[in-house]
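This note's numbering applies: residue 1211 is where the sequence shown begins, and numbers increase by one.
Think of the CB as a built atom: it goes at the ideal place given N, C-alpha and C, for glycine as much as any other residue.
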Amino acid sequence: MQEKVQSSVALPVQVERWPSEIPLRVAIILTSIALWLLIIVGTFGLGLIYVVLIAAFLFFVQVGFIAHLRGSAIRLGPDQFPEIHQRVVEFARRAGMKKEPEAYIMQADGALNAFATKFFRGQIVVLYADLLEACGDDQAARDMIIGHEIGHLRCGHLDWFILTAPGRIIPFLGSAYSRACEYTCDRWGVALSGGGEDARRGLVVLAAGGAHKNKVNVGAYVRQQENLDTGWMTLARWLSTYPPLSARVAAITPGLAEPYKARRGRMRALGIIAAFIGIPVIFAASMPTAIRYLERPINILAGDVEAVTETDEGGTAGSGRFASVDEMPAPKPVPQIDDARFAELATVCHGGDMAACDELYFASDYGTVEEEYGSTCAGRIDDNDLECTKLLAE
């Protein structure tokens, strides 16, 4: 059961949120509302059935996790790790929270992490045992971690999760909001732990571990961001829900807030996105033209296969649909053709020489008047898919 935090005369700590957090949060809320309306209207309300089922599944998963946490993890209290518990209580009070959150130490197979969660109105902070061990006697580093998680609860980052779920899962939008929240909570960690370089070690320990946290060259670590200034690395950063630790360290270190500015990565990442969108669009747009270009050769090949099949079945390879040219439909007038040779072939084709029709078709360019005239056997067969000579029985 959570206890009320004792009131104090001191005013709560005020921390400025990361500049992009509120605009992104508004965008996620508006996007989520639009998507919920689309689901309701587009499925005539049936989509809500699946939403309820998914929400129920996630709820029971959370119930199972909270049961495991409360039954197997170590809950902090006045008689259980009182020093760490006191920091949680103090930070909750200084952050202006009405109640202290439940706080637990949990073994997580060597992972260096901590997180905040909720169960109904109950707020919970979980500290991994190996992270506390890595911090050791470094109280400032440990306080930075605790303050960061208190920041998540204080800023309401876990509120209205179901309502905003559609917006949170949208690529780039949801991940950008999550990264902004992390930057905001790092500011809370610094403010509640007292700030300074000591607090910075709370993030460094996540990168280097406890044995090496005091040996890290912070300036060199921050400059590692240069390795991320490529198209693919920038794209990966945009899709990540957490900022790189080197960037987070830079953001809370005076004098290193702008240690390195990306030069080419953003434009290259935008180029990759444009390629992923543009190439399929161009391919889809060009398909009708490609099909029209390949349709005639494919039909001819299909006709050849048909002729071979007829031969295999005992028919005559050269047998056609007409006994003679006289039985074929009347030809259409010879069109205007500038090339003298093609004009002569068209005239002969018009006269009934199917070999001339085929020669005109194969010799002329695709899509031209003469090619069409030869393909249709001088306009006799509009949907012809065979060579003209094969339309006649031998």
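key: Option nearest glutamine 1349 by Cα separation, candidates Arg1227, Ala1485 and Glu1407   = Locating residue 1349 in the sequence shown gives position 139, where the first residue counts as 1. The shortest C-alpha separation from glutamine 1349 is found at Glu1407.
request  = Please classify threonine 1327: does DSSP put it in a helix, a strand, or coil?
outcome  = The residue labelled residue 1327 in the question sits at position 117 within the sequence shown. In this structure, threonine 1327 counts as strand in the three-state DSSP scheme.
message = Spatial neighbours of methionine 1354 within its chain, please: C-beta separation below 6 Å, excluding the five flanking residues on both sides.
response = As a position in the sequence shown, residue 1354 is number 144, starting the count at 1. Closer than 6 Å at the Cβ level, and outside the excluded window around methionine 1354, lie Gly1399, Ser1403, Ala1409 and Gly1412.
Contacts around glycine 1589, its chain only, beta-carbon distance under 6 Å, and the 5 residues preceding and following it disregarded = Taking the first residue of the sequence shown as position 1, residue 1589 is located at position 379. Pro1541 and Lys1542, listed in sequence order.
request  = Check the C-beta distance from alanine 1305 over to proline 1376 and give it rounded, since I have them as a contact under 8 Å.
outcome  = Locating residue 1305 in the sequence shown gives position 95, where the first residue counts as 1. Locating residue 1376 in the sequence shown gives position 166, where the first residue counts as 1. In fact, because the Cβ distance is near 29 Å, the residues do not count as touching under 8 Å.
request  = Can you say whether leucine 1555 is buried or exposed, counting buried as having 16 or more other CB atoms within 10 angstroms of its CB?
outcome  = Within the sequence shown, numbered from 1, the residue matching residue 1555 stands at position 345. That one is buried.
inquiry  = To the nearest angstrom, how far is the alpha carbon of glutamate 1582 from that of glycine 1488?
reply    = Position 372 of the sequence shown holds residue 1582. Position 278 of the sequence shown holds residue 1488. Going from the Cα of glutamate 1582 to the Cα of glycine 1488 covers about 34 Å.
query = Cα-Cα, which of Pro1539, Ala1573 and Gln1546 is closest to isoleucine 1591?
reply = As a first step, residue 1591 is located in the sequence shown; it is residue number 381 there, counting from the start. It is Pro1539.
ask   = Mind checking whether proline 1453 and glutamate 1359 have CB atoms under 8 Å apart?
value = Mapped onto the sequence shown, residue 1453 falls at position 243. Mapped onto the sequence shown, residue 1359 falls at position 149. No.
task = Give the secondary structure of glycine 1525 by DSSP, where H, G and I count as helix, E and B as strand, and everything else as coil.
result = Reading the sequence shown from its first residue, position 315 is the one you call residue 1525. Because glycine 1525 carries a pLDDT of 41, less than 50, the predicted location of this residue cannot be relied on, and no value is offered for it.
message = Taking DSSP's pairing of strands, which residues face tyrosine 1338 in a bridge?
response = Taking the first residue of the sequence shown as position 1, residue 1338 is located at position 128. Per DSSP, Met1316.
Exposed unless 16 or more other CB atoms sit within 10 angstroms - verdict on lysine 1308 = Looking up residue 1308 in the sequence shown gives position 98. So lysine 1308 ends up on the exposed side.
query = Is tyrosine 1387 near isoleucine 1238, with beta carbons less than 8 Å apart?
reply = To locate residue 1387, count along the sequence shown from 1; it is residue 177. To locate residue 1238, count along the sequence shown from 1; it is residue 28. Between tyrosine 1387 and isoleucine 1238, the C-beta spacing is below 8 Å.
message = Taking only three categories from DSSP, how would you classify leucine 1286?
response = Reading the sequence shown from its first residue, position 76 is the one you call residue 1286. Leucine 1286 falls in the coil class under three-state DSSP.
message = On the CB-based measure, 16 or more other CB atoms within 10 Å of its CB, does glutamine 1435 come out buried or exposed?
response = Walking along the sequence shown from the start, residue 1435 turns up at place 225. Buried is the call here.
query = Excluding sequence positions up to five away, which residues of its chain have a Cβ less than 8 Å from the Cβ of proline 1233?
reply = The count along the sequence shown starts at 1 and reaches residue 1233 at position 23. Closer than 8 Å at the Cβ level, and outside the excluded window around proline 1233, lies no residue.
7 Å Cβ shell around arginine 1474 - same chain, five flanking residues per side excluded = Position 264 of the sequence shown, counted from the start, is the residue given in the question as residue 1474. Here the set comprises Asp1439.
task = Would you decide whether threonine 1374 is buried or exposed? Buried here means 16 or more other CB atoms lie within 10 Å of its CB.
result = Translated into the one-based positions of the sequence shown, residue 1374 becomes position 164. Buried, because 16 or more other Cβ atoms sit within 10 Å of the Cβ of threonine 1374.
query = Cβ of glycine 1420 within 8 Å of Cβ of glycine 1346?
reply = Taking the first residue of the sequence shown as 1, we reach residue 1420 at position 210. Taking the first residue of the sequence shown as 1, we reach residue 1346 at position 136. Yes. Within cutoff.
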